[in-house]
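In this note's numbering, the protein residues as written are 262 to 342.
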């Protein structure tokens, strides 16, 4: 199964998927802790926020990279005689 995941996902998608799976596991454990104890530990809150920031940061950096590549291609097309 692990090989099948690697075959259908590129390395970047594989890393992002691992982060998202980790986020949902942490979220599930957090919800279970809230149901059992009625509170959520501050460390777990910080971990969930970190996951959210990482996922958002990856998306922003991907968009910036796409814009930079598009601008470079546009400039190269304009400079060709």
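Cβ coordinates follow ideal geometry from the N, Cα and C atoms, glycine included.
- Judged by pairs of C-beta atoms under 8 angstroms, the segment 283 to 293 touches the segment 304 to 321, as three or more such pairs exist.
- In this structure, DSSP gives residue 299 a state outside helix and strand, which the three-state scheme calls coil.
- The criterion of a C-beta distance shorter than 8 angstroms is not satisfied by residue 316 and residue 285.
- DSSP places residue 341 outside both helix and strand once states are collapsed to three, so it counts as coil.
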